[in-house]
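Our numbering numbers the first residue of the sequence shown as 413 and each following residue consecutively. Even for Gly, the Cβ is constructed at its ideal location relative to N, Cα and C.
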Amino acid sequence: MTAPNAALNAGSNATLNADAAELDKFAALAHHWWDAGGELATLHHINPLRLNWIDAQRPLQGARVLDVGCGGGILADAMARKGAEVLGIDLAEKSLQAARLHALEAETPRVSYRAVAAEALAAQEPASFDVVTCMEMLEHVPDPAAIVAACAALVKPGGQVFFSTLNRNPKSWLMAIAGAEYALRLLPQGTHDYTRFIRPSELAASCRAAGLSVQRVSGLHYNPLTRRCWLTPDASVNYMLSALRPA
413 MTAPNAALNA
423 GSNATLNADA
433 AELDKFAALA
443 HHWWDAGGEL
453 ATLHHINPLR
463 LNWIDAQRPL
473 QGARVLDVGC
483 GGGILADAMA
493 RKGAEVLGID
503 LAEKSLQAAR
513 LHALEAETPR
523 VSYRAVAAEA
533 LAAQEPASFD
543 VVTCMEMLEH
553 VPDPAAIVAA
563 CAALVKPGGQ
573 VFFSTLNRNP
583 KSWLMAIAGA
593 EYALRLLPQG
603 THDYTRFIRP
613 SELAASCRAA
623 GLSVQRVSGL
633 HYNPLTRRCW
643 LTPDASVNYM
653 LSALRPA
């Protein structure tokens, strides 16, 4: 079975690839999405870095872009302001409401939002996007490989897919959960479940199974004291991965 067909079949499956508790968790945070000093401030701090990392590999100007698991639209909004035509999708309706309200207030051009699963959209609009992004989302779903397959089906041949997630090892547990959530309170407690963290080798294997060719893996380091972030070869905690759908 080819990767796009696998995603199409996933889209027709009655079982939704989502965790109700995770959706409720992010719905409760909906009013914090655009508070740059609030509970989701870290996302605002790292957003310019991940935006530029994407744009450097696949220029966003004039591209049709899909942001899977867009939440309140922090990345989707920024990509639209880079000149892309952006569709953000999520299953947390309250987060989408926050995204739409911000776009309206900020008069962000070329961005829209839909409440639809990636697998369902893959069945409706296969091979429709130049760029697909899925950032900080895979570790929150029951079947991340199905999301990867859907992203592969949604991107055009020759297009690029970008993921970010958390590695699974003792260091990442110490820094991302014990440190970020409990000691430093950079994120609400319970934001992450360590058992759902994904090793780069696992994500790369899912990409290959979906017909994608892995292009680059970059670690993302964040200093909570200075609020600075930078790319690093060390992918032991936060990392980003780019993959190409062959033409």
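Count the other CB atoms, across all protein chains shown, that sit within 10 Å of the CB of residue i; report buried if there are 16 or more and exposed otherwise.
i: A534; result: buried
i: W642; result: exposed
i: D489; result: buried
i: G485; result: buried
i: S613; result: exposed
i: A655; result: buried
i: A432; result: exposed
i: N579; result: buried
i: S576; result: buried
i: T414; result: Confidence in T414 is poor, its pLDDT being 39 and thus under 50, which makes the residue's placement unreliable; the coordinate value appears in the next sentence. So T414 counts as exposed.
i: N650; result: buried
i: A527; result: exposed
i: G571; result: buried
i: D447; result: exposed
i: G450; result: exposed
i: D605; result: exposed
i: R640; result: exposed
i: T638; result: exposed
i: L420; result: Any reading at L420 must be qualified, since the residue scores a pLDDT of 41, below 50, and its modelled position is unreliable; the value itself is stated next. Buried is the call here.
i: A442; result: buried
i: E519; result: exposed
i: D502; result: buried
i: P521; result: exposed
i: E517; result: exposed
i: L499; result: buried
i: T607; result: exposed
First and last residue of the alpha helix (DSSP H) that includes residue i?
i: L586; result: First-last for L586: undefined, no H or E at that position.
i: P645; result: Premise fails: P645 is in no alpha helix (DSSP H) and is neither H nor E.
i: Q536; result: 530-536
i: R386; result: The chain is shown only over 413 to 659; residue 386 falls outside these bounds and no answer can be derived.
Would you please state the rounded distance, in angstroms, between the beta carbons of residue i and residue j? I believe it to be under 8 Å.
i: L487; j: N459; result: 6 Å
i: E531; j: I610; result: Not confirmed; about 18 Å, so no contact.
i: N429; j: V553; result: 6 Å
i: V477; j: A496; result: 4 Å
i: S507; j: G483; result: 5 Å
i: G631; j: S618; result: Incorrect: roughly 19 Å between the Cβ atoms, too far for contact.
i: W445; j: A510; result: 5 Å
i: T737; j: V629; result: The question about residue 737 has no answer here: the residues shown for the chain are numbered 413 through 659.
i: V543; j: R470; result: 5 Å
i: H677; j: Y634; result: Beyond the ends of the chain as shown, which are 413 and 659, falls residue 677; an answer cannot be given.
For the beta strand (DSSP E) that residue i lies in, which residues bound it at each end?
i: Y651; result: 650-656
i: L632; result: 625-635
i: R526; result: 523-527
inquiry  = I'd like the ranges of any beta strand (DSSP E) spanning at least 3 consecutive residues and lying wholly in the segment 428-512.
reply    = 476-480, 497-502
key: alpha helix (DSSP H) runs wholly inside the segment 535-574, at least 4 long, in chain order   = DSSP runs (the alpha helix (DSSP H)) wholly in the segment 535-574: 556-566.
query = Between the segment 619-635 and the segment 555-566, do at least 3 Cβ pairs fall closer than 8 Å?
reply = yes
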